[in-house]
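In what follows, a single structure is set out as structure tokens and then discussed.
Number of protein chains: 2
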Amino acid sequence: MKIIVDAFGGDNAPLEVLKGAAEAVQKLDVEVVLTGNEKIIRETAEKNGISLDKISIIHTESVIDIHEEPTAVIKEKEDCSMAVGLKALAEGKGDAFVSAGSTGALVVGATFIAKRIKGVKRAALAPIMPTAKGHMILVDGGANVDCRPEMLVQFGIMGSCYMNKVMSVKSPKVGLVNVGSEDTKGRELELEAYRQFKNAPVSFYGNLEAREIPFGACEVVVSDGFTGNVLLKLYEGMGSFFSHTLKDMLMTSFGGKLAALMIMKKIKAFKKKMDYTEVGGAVLLGISKPVIKAHGSSNGRAFYNAVRQAKNCVEGKVVEEITTSLAALGGDKKSTANTNTNA
Amino acid sequence: MKIIVDAFGGDNAPLEVLKGAAEAVQKLDVEVVLTGNEKIIRETAEKNGISLDKISIIHTESVIDIHEEPTAVIKEKEDCSMAVGLKALAEGKGDAFVSAGSTGALVVGATFIAKRIKGVKRAALAPIMPTAKGHMILVDGGANVDCRPEMLVQFGIMGSCYMNKVMSVKSPKVGLVNVGSEDTKGRELELEAYRQFKNAPVSFYGNLEAREIPFGACEVVVSDGFTGNVLLKLYEGMGSFFSHTLKDMLMTSFGGKLAALMIMKKIKAFKKKMDYTEVGGAVLLGISKPVIKAHGSSNGRAFYNAVRQAKNCVEGKVVEEITTSLAALGGDKKSTANTNTNA
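Which chain is which? The protein sequence lines are A and B, in order. The opening residue of the first sequence carries number -14 in our numbering; numbering runs sequentially from there. The opening residue of the second sequence carries number -14 in our numbering; numbering runs sequentially from there.
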């Protein structure tokens, strides 16, 4: 299996990308195709004693910056490492693509270069997030700030396929983020999505109140990309706020440091559970081949796990599963009608 | 000063309401007017040895349930303890109103019985929330799931008045919840609100990413009521998740219990900071007299603090301040135009 990796995406490119790629080819029985400046890649590898065994390179000069217009990836920057990687993916030179570059550019690039699965209305950014019970997938984490009800239903189906095929969760519970549990709650968007979800091929939990999310009430959390992005960032923010608080409790006094020693095992377990580098990246659901958005600040470990996640998507046949499930729902404009008759 | 309190709102009514009212008249130099079934109130007070000194009662038979349609408060349930309290407020029998009853009913009742401040487009539910730096007010926490840009601008102005007059924050920073910090981010709602905020009589922080919120980046956090409610509930949920985690770290082993002893002071300080019963309730901004929504599960301490908060709103002349600030902006349909010329 070949995983294409954007060697120049993220804050720590290319060194940490190379570290992750090298660890991946060693441990995961995959080949890696790097896109980016070949000279810099080879020099970085040599200087840091990183083997490029089972790693090939597609040379490209330019890189897209996170501050550039996302659409630049299909226009003036169509020769950047991200765009070239997506073209290679579309041409079958690899089975999946990983990048830690600009999220907006990746969404645009994946949609227009690698293309959506037939019937998918919008590709969604789906981060995997830790909960008290394990993990959940949030769809949409920010790719589409404005959504229609049938898009939310597709998000739920796609997230369900991922959790089932990659995270091995049997009939994952799909919750619709809303301001109350009753089916009369929310905006027109949630009211109609709720109606359509009742007939969708997923295990629908119903409306999900945000306070239940960290406790793992649902494995698939569905919302429009605006609410989802706010949710994702508050989740991250609260997590780091608590780490700061814990550190303050434990590290600012002698008694605290003693206390820390006594519960070090539990603190480590909690940190590992909350550590995004262990989870991999966010998956771009709805694209015709697996595309993983690694965290912008990814280190080697995070890139390794993103490649592992990409491999799992390929092996789990997530794209095929989504295609089948959406066909059952009807991916075209008639989706509403079809859904309602698919009960 | 007279504070009217709904004696039958919340899960612990009327006992905890009476406890809070009794503590309030003792410590706050206020009188309390209770609305609800006089017989039950007197019996509960006697059985629990609670003095009704400086506490008067307006008798009413019925109570509105949280599961009833909010509009019932101005229709079939117009004689419930909440509606009667709001009528008494409108008639000047008291200076502010406190209830732990149905939020929806309180928003409807306050809007149609106590009435909005002239020029206010929508009353907003504004919870006071703890941050690393102190406190912030979230406007709107859930009263209006659909909002227009000029409503968000009014939310920011009203929240600013509250934080300044009641929490003594000099020129509070007003942040607009958005998916990125650049002024090109968000939906039409945020794009237009951002433009209007630049000319509003507040210290505008700009777009606020949710991850900054717990660290206290802004004292006034503005969003539509749907996003705000999700934000509020995730904030609560993450808080209780963290408390559970901490308890698990400290209370499930001997070493942990020892550790707990060593950092007990800091744990207590943190708990107190995060304790909603110490903050009071959510304030209903935009109503012609102060209305406080106490937490549904309020205990005596929380009711005492809600009454204290109501008193502070009266003394701080929050309503008058809002009236003046909105006049400066122009509260009618021309608000946009006026805003843009008010720079």
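Beta carbons: idealized from backbone N, C-alpha and C, even for Gly. Computed from a predicted model, the values in this text were never measured in an experiment.
**OP:** Just list the beta strand (DSSP E) runs in the segment 104 to 150 of chain B, keeping only unbroken ones of 3 residues or longer that don't cross its boundaries, in chain order.
**Re:** Within the segment 104 to 150 of chain B, the runs of beta strand (DSSP E) at least 3 residues long that lie entirely inside it are, in chain order, 109 to 111, 113 to 115, 120 to 124.
Subject >> 8 Å Cβ cutoff, Ala195 of chain B in contact with chain A >> reply: yes
**OP:** For Val276 of chain B, collect the residues of the same chain with a Cβ closer than 6 Å to its Cβ; drop the 5 residues on either side in sequence, then sort them by chain order.
**Re:** Phe82, Ala95, Leu269
Original post:
Can you list, in chain order, the residues of its chain whose CB lies under 8 Å from that of Lys100 of chain A, leaving out five sequence neighbours each side?
Top reply: Ala75, Ile272, Ser273
**OP:** Flag this pair as yes or no: are the beta carbons of Ser47 of chain B and Lys32 of chain B separated by less than 8 Å?
**Re:** no
Subject >> Endpoints, beta strand (DSSP E) assigned at Leu13 of chain A >> reply: Element bounds for Leu13 of chain A: n/a, residue is neither H nor E.
Subject >> Gly240 of chain A versus Lys257 of chain B: straight-line alpha-carbon distance, rounded >> reply: Going from the Cα of Gly240 of chain A to the Cα of Lys257 of chain B covers about 21 Å.
Subject >> Closest Cα partner of Glu306 of chain A within the set A:Lys251, A:Asp80, A:Ile142, A:Ala6 >> reply: A:Ile142
Original post:
At what residues does the alpha helix (DSSP H) containing Leu235 of chain A begin and finish?
Top reply: 210 to 236
**OP:** Determine the contact status of Val(-9) of chain A and Thr20 of chain A, defining contact as a CB-CB distance below 8 Å.
**Re:** Position check: residue -9 of chain A holds Asp in this sequence, whereas Val was assumed. Going by C-beta atoms, Asp(-9) of chain A is nearer than 8 Å to Thr20 of chain A.
Original post:
For Tyr179 of chain A and chain B, any beta-carbon pair shorter than 8 Å?
Top reply: no
**OP:** Indicate whether at least one CB of chain B lies closer than 8 Å to the CB of Arg133 of chain A.
**Re:** For Arg133 of chain A, the answer is no, since every Cβ of chain B falls outside 8 Å of its Cβ.
**OP:** Identify, in the order they occur along the chain, each residue of the same chain with its Cβ nearer than 6 Å to the Cβ of Gly316 of chain B, setting aside the five sequence neighbours on each side.
**Re:** Unreliable positioning characterises Gly316 of chain B in this predicted model, as indicated by a pLDDT of 45, which lies under 50. The coordinate reading is nonetheless provided below. Cβ neighbours of Gly316 of chain B beyond the five flanking positions: Gly104.
Original post:
Would Met136 of chain B count as contacting chain A if we go by Cβ distances under 8 Å?
Top reply: no
**OP:** Please name the residue in A:Ile113, A:Ser87, A:Phe140 whose C-alpha comes closest to that of Ile102 of chain A.
**Re:** The shortest Cα separation from Ile102 of chain A among A:Ile113, A:Ser87, A:Phe140 belongs to A:Phe140.
Original post:
Checking contacts by CB at 8 Å: is Asn192 of chain A closer than that to chain B?
Top reply: Not an interface residue.
Subject >> Contact with chain B by Glu221 of chain A, beta-carbon distance below 8 Å >> reply: Yes, Glu221 of chain A counts as interfacial toward chain B.
Original post:
Mapping DSSP to helix, strand and coil, what is Ile51 of chain A?
Top reply: coil
Subject >> Beta-carbon separation (whole angstroms), Ala111 of chain B vs Val124 of chain B, contact threshold 8 Å >> reply: About 5 Å; that satisfies the 8 Å criterion.
Subject >> Alpha carbon of Thr45 of chain A to alpha carbon of Ala202 of chain B, nearest angstrom >> reply: 41 Å
Original post:
Roughly how many whole angstroms lie between the Cα atoms of Glu135 of chain A and Val130 of chain B?
Top reply: 20 Å
Subject >> Any C-beta of chain B under 8 Å from that of Lys100 of chain A >> reply: no
Original post:
Where Ala328 of chain B and Ala185 of chain B are concerned, what is the direct C-alpha to C-alpha distance, given to the nearest angstrom?
Top reply: Its pLDDT being 31, under 50, Ala328 of chain B is placed unreliably by the model, and the measurement read from it follows with that caveat. Roughly 7 Å between the two C-alpha positions.
Original post:
Given Cys132 of chain A, which residues of its chain have a CB within under 6 Å of its CB, disregarding the five upstream and five downstream residues?
Top reply: Asp209
Subject >> Identity of the residue in A:Val58, A:Asp168, A:Gly144 nearest Val159 of chain A by Cα >> reply: A:Gly144
Subject >> Near-chain B residues of the segment 239 to 269 of chain A (beta-carbon distance less than 7 Å), N- to C-terminal order >> reply: Gly240, Gly241, Leu243, Ala244, Met247, Ile248, Lys251, Ile252, Phe255
Subject >> the segment 287 to 304 of chain A: positions lying closer than 7 Å to chain B by Cβ >> reply: none
Original post:
Which partner residues of Ser84 of chain B appear in the DSSP bridge assignment?
Top reply: Paired residues: B:Lys278.
Original post:
Opposite Leu382 of chain A in the DSSP bridges: which residues?
Top reply: Residue 382 of chain A lies beyond the range of chain A shown here (-14 to 328); nothing can be said about it.
Original post:
So what does DSSP say about Ala30 of chain B, is it helix, strand or coil?
Top reply: helix
Original post:
Any idea which residues DSSP pairs Asp(-9) of chain A with across the strands?
Top reply: A:Thr20
Original post:
Looking only at its own chain, which residues have a Cβ that is under 7 Å from the Cβ of Tyr220 of chain A, when we skip the five neighbours before and after it?
Top reply: Met114
Subject >> Close-in-space but distant-in-sequence residues of the same chain around Ser370 of chain B (CB under 7 Å, 5 per side omitted) >> reply: The requested residue 370 of chain B is not part of the displayed model; chain B covers only -14 to 328.
Subject >> Sequence-distant residues of its chain with Cβ nearer than 7 Å to Gly285 of chain A (five each side left out) >> reply: Glu1, Lys4, Gly5, Glu8
Original post:
Mind pulling the chain A residues with CB within less than 7 Å of Phe227 of chain B?
Top reply: Phe227
Original post:
Using CA coordinates, which residue listed in B:Ser41, B:Ile252, B:His120 is at the minimum distance from Leu231 of chain B?
Top reply: B:Ile252
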